[in-house]
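Each remark here refers to the structure printed beneath this line.
Residue numbers (my numbering): 35 to 190.
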């Protein structure tokens with residue numbers, strides 16, 4: 035069974051993206067087939083892996099969620115043999131509004147991943163710093179959760 039891990043915290047700057055990229059890279063280096071998904075409209079994961087992208091896919095996670103482009107058409111290959119990625123752009127900020135009329139909109143990512151998850155041992159999802167529909171989609175698709183937080187006094 036594919037392990038789908040969402041990294042989430044409604045606070046920004048706590049290490050979600052750094053952790054997601056490093057977990058995915060560590061799994062790939064260990065020859066474990068991994069898919070890294072940038073679900074944040076800030077798209078911080080995308081430039082974070084820019085140096086290892088072979089050929090960027092024409093579509094992003096936005097097109098899968100909103101335009102119903104098959105998720106296989108959003109997968110970007112990297113120079114790591116065992117690591118693929120689905121990138122994001124700031125267009126994703128509009129997804130929550132565009133999906134408002136969709137029935138069972140919280141299941142869009144889960145339904146899409148069902149078509150490709152057998153290819154991967156792990157799927158790592160970098161969530162946005164919010165509790166909105168993009169995070170809800172990630173949590174619904176995931177079967178495991180990591181909540182990074184800095185070890186500081188009075189951290190909220």
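All C-beta atoms, glycine included, are put in the ideal place defined by N, C-alpha and C.
If the five residues before and after residue 159 are omitted, its C-beta is found closer than 6 Å to the C-beta atoms of 40, 71, 73 and 172, all from its own chain and listed in chain order. By the 16-neighbour rule on beta-carbons within 10 angstroms, residue 82 is buried.
Residue pairing by DSSP places residue 160 opposite 41 and 72 in a beta bridge. The beta-carbon separation of residue 43 and residue 182, rounded to 6 Å, stays under the 8 Å limit for a contact. The three-state secondary structure of residue 143, taken from DSSP, is helix. Given a length threshold of 3 residues, each whole run of the beta strand (DSSP E) inside the stretch 89-128 is given here in chain order: 109-112 and 117-120. Judged by DSSP secondary structure, residue 168 falls outside any beta strand (DSSP E) and instead within the alpha helix (DSSP H) spanning 167-175.
Between residue 78 and residue 112, the C-beta gap is not smaller than 8 Å, which leaves the two residues out of contact.
About 11 Å separates the Cβ atoms of residue 163 and residue 49, ruling out a contact at the 8 Å cut-off. Residue 178 has 39 as its beta-bridge partners, per DSSP.
Excluding five sequence positions before and after residue 108, the CB atoms of its chain that fall closer than 7 Å to its own CB belong to 91, 93, 94, 95, 97, 98 and 120, given in chain order. Residue pairing for residue 87: DSSP places it in a beta bridge opposite 112. Residue environment analysis places residue 117 among the buried positions, since at least 16 neighbouring C-beta atoms fall within 10 angstroms of its C-beta. If you look at residue 58, you'll find it in the alpha helix (DSSP H) that goes 50-63.
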